[in-house]
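>
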Amino acid sequence: MDCVARAARLAFTLAPLTLAVFTMPAASAWAQAWVPPAGVGSVTVALQSIDYDGHRVTDGRFFEVGQSVHHRVDIDVDYAVTDRLSLSAGLPVVFAKYVDPNPLPPFVPFLPVDECRCWQSGWQDVGFTTRYNLLNGAFALTPSVSIGVPSHDYNFRGEAAVGNHLKEMRLALDAGQRLDAISPRLFVQGRYSHAFVERVLDIPNNRSNATVEGGFLITRRLAARGLLSWQHVHGGLRLGSPDSALPPPGEVNTPERLSEHDRLLRDNNLRVGGGIAYSMRQMDVFASYVEFVRGTDSHAGREFTAGVSWPFEISRRQTP
82 MDCVARAARL AFTLAPLTLA VFTMPAASAW AQAWVPPAGV GSVTVALQSI DYDGHRVTDG
142 RFFEVGQSVH HRVDIDVDYA VTDRLSLSAG LPVVFAKYVD PNPLPPFVPF LPVDECRCWQ
202 SGWQDVGFTT RYNLLNGAFA LTPSVSIGVP SHDYNFRGEA AVGNHLKEMR LALDAGQRLD
262 AISPRLFVQG RYSHAFVERV LDIPNNRSNA TVEGGFLITR RLAARGLLSW QHVHGGLRLG
322 SPDSALPPPG EVNTPERLSE HDRLLRDNNL RVGGGIAYSM RQMDVFASYV EFVRGTDSHA
382 GREFTAGVSW PFEISRRQTP
């Protein structure tokens, strides 16, 4: 297999992780510009650890309060129905724990899931994605439609919540370019997505996400990537900032909003990271690290992801 083909395979191998990205925006995004041939698929199991070491308020200042850790296991299946159309589905299970030994600010009461400082766990949101490739050569272009649906009536309140428990639909466009003029081992990819998120308390909470990444095939089997990820929420609630025109608790100023604020914050953020992937005969392994570098009304922290993907192929009967 030549370098370009290997790069395309590695890009596809990591593609199912995108299901996790949009059910929990802290996760790192791998673009999906290139697609596999018909009958090829993969089963991916990814382990992710997210360390939230504090919060950033509305003016971006960091406060070391409300610390928690989240571990999740993602199980995803991706399959190419045709040379252009592929389908994927995934379901993560999340383990979360509030670890800050200090009391929360007086306007944020403790919740049972946090006060016990014990592990909370459960299945999160079922995700389905359909991708249709328009161009699949040196330049690739692939739009997609995804939906996320809560798997059950899990708790969404508190720092140690399993998830946001919100239905959403995402429209995305992935583009990729092999930089053959520089090196056949080098490629760049980008993604933009817009999520239409279920409204709560009639507060708009739709979201835009953009990701840019560059990749380099170090050897025929080993690839490395750098990642820049941006998120903007179109609406949401602001926490406010000390010594500002919007002091805490900001727009979380009613009992109803306080009850829902964990999933309705205007979480705007920027994150950077990198990853590696190694392709073997029967499976591929990968790992990535992402640092949360700035944000407003957002968590601060970092995440580490590692996983294994098993490619498979379903042979089709040839027409006589």
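Residue numbering for the sequence shown follows the working numbering, beginning at 82 and increasing consecutively. Cβ atoms here follow ideal geometry from the backbone N, Cα and C, with glycine treated the same way.
Can you tell me where the beta strand (DSSP E) with Val-146 in it begins and where it stops?
Run containing Val-146: none; DSSP gives neither H nor E here.
> Rounded to the nearest angstrom, what separates Val-226 and Val-174 at their Cα positions?
Approximately 23 Å between the Cα atoms of the pair.
> Taking 8 Å as the cut-off, decide whether the C-beta atoms of Gly-244 and Gly-208 are in contact.
Taking 8 Å as the Cβ cut-off, Gly-244 and Gly-208 do not qualify as a contacting pair.
> Compute the beta-carbon to beta-carbon distance between Gly-382 and Ser-369, rounded to the nearest angstrom, for a pair I have assumed lies under 8 Å.
So it is not a contact: roughly 15 Å between Cβ atoms.
> With DSSP run on the structure shown, which of helix, strand or coil describes Pro-392?
DSSP places Pro-392 in strand when its eight states are reduced to three.
> Rounding to the nearest angstrom, what Cα-Cα distance links Val-278 and Asn-349 in this structure?
Whole-angstrom Cα-Cα distance: 15 Å.
> Pull the bridge partners of Thr-290 from the DSSP assignment, please.
Checking the sequence shown, residue 290 turns out to be Asn, not Thr. Looking at the DSSP assignment, Asn-290 forms a beta bridge with Ser-274, Gln-312.
> Report yes if the CB atom of Leu-351 is closer than 8 Å to the CB atom of Gly-316, and no otherwise.
No, these two residues do not count as a Cβ contact at 8 Å.
> Given this structure, state the Cα-to-Cα distance separating Ser-202 from Arg-306, to the nearest angstrom.
When rounded, the distance between both Cα atoms is 31 Å.
> Pick helix, strand or coil for Arg-344, following the three-state DSSP scheme.
In this structure, Arg-344 counts as helix in the three-state DSSP scheme.
> Are the CB atoms of Val-353 and His-342 within a distance shorter than 8 Å?
No, the pair does not count as a contact, with Cβ atoms beyond the cut-off.
> Taking Cβ to Cβ, would you say Thr-139 is nearer than 8 Å to Gly-331?
A contact, by the Cβ cut-off of 8 Å.
> Check Val-154 in the structure and name its three-state DSSP category.
Three-state result, Val-154: strand.
> Phe-367: buried (16+ other C-beta within 10 angstroms of its C-beta) or exposed?
By the neighbour-count rule (16 or more Cβ atoms within 10 Å), Phe-367 is buried.
> If I measure Cβ to Cβ from Phe-103 and keep anything under 6 Å in the same chain, skipping five residues before and after, which residues do I get?
Note that Phe-103 has pLDDT 33, beneath the 50 cutoff, so the model's placement of it is unreliable and no number is given.
> Among all the DSSP beta bridges, which residues are the ones paired with Asn-349?
Asn-349 pairs with Thr-377.
> Please report the distance separating the alpha-carbon of Gly-388 from that of Gly-141.
Going by the C-alpha atoms only, they are around 33 Å apart.
> Quick check on DSSP: helix, strand or coil for Leu-417?
The structure shown has nothing for residue 417, since the chain only spans 82 to 401.
> Would you check if there are 3 or more beta carbon pairs closer than 8 Å linking the stretch 279-290 to the stretch 260-270?
The stretch 279-290 is not in contact with the stretch 260-270.
> Are Thr-223 and Gln-129 close, meaning C-beta to C-beta below 8 Å?
The answer is no: Cβ separation not under 8 Å.
> Quick one: Cα of Pro-106 to Cα of Arg-301, how far?
For Pro-106, the pLDDT reaches just 37, beneath the cut-off of 50, and the residue's location in the model is therefore unreliable, although a value from the coordinates is still provided. The straight-line gap from Cα to Cα measures roughly 31 Å.
> By Cβ distance below 8 Å, which residues in the same chain neighbour Leu-282 in space, the five residues on each side in sequence not counted?
Closer than 8 Å at the Cβ level, and outside the excluded window around Leu-282, lie Glu-337, Arg-338, Glu-341, Leu-345.
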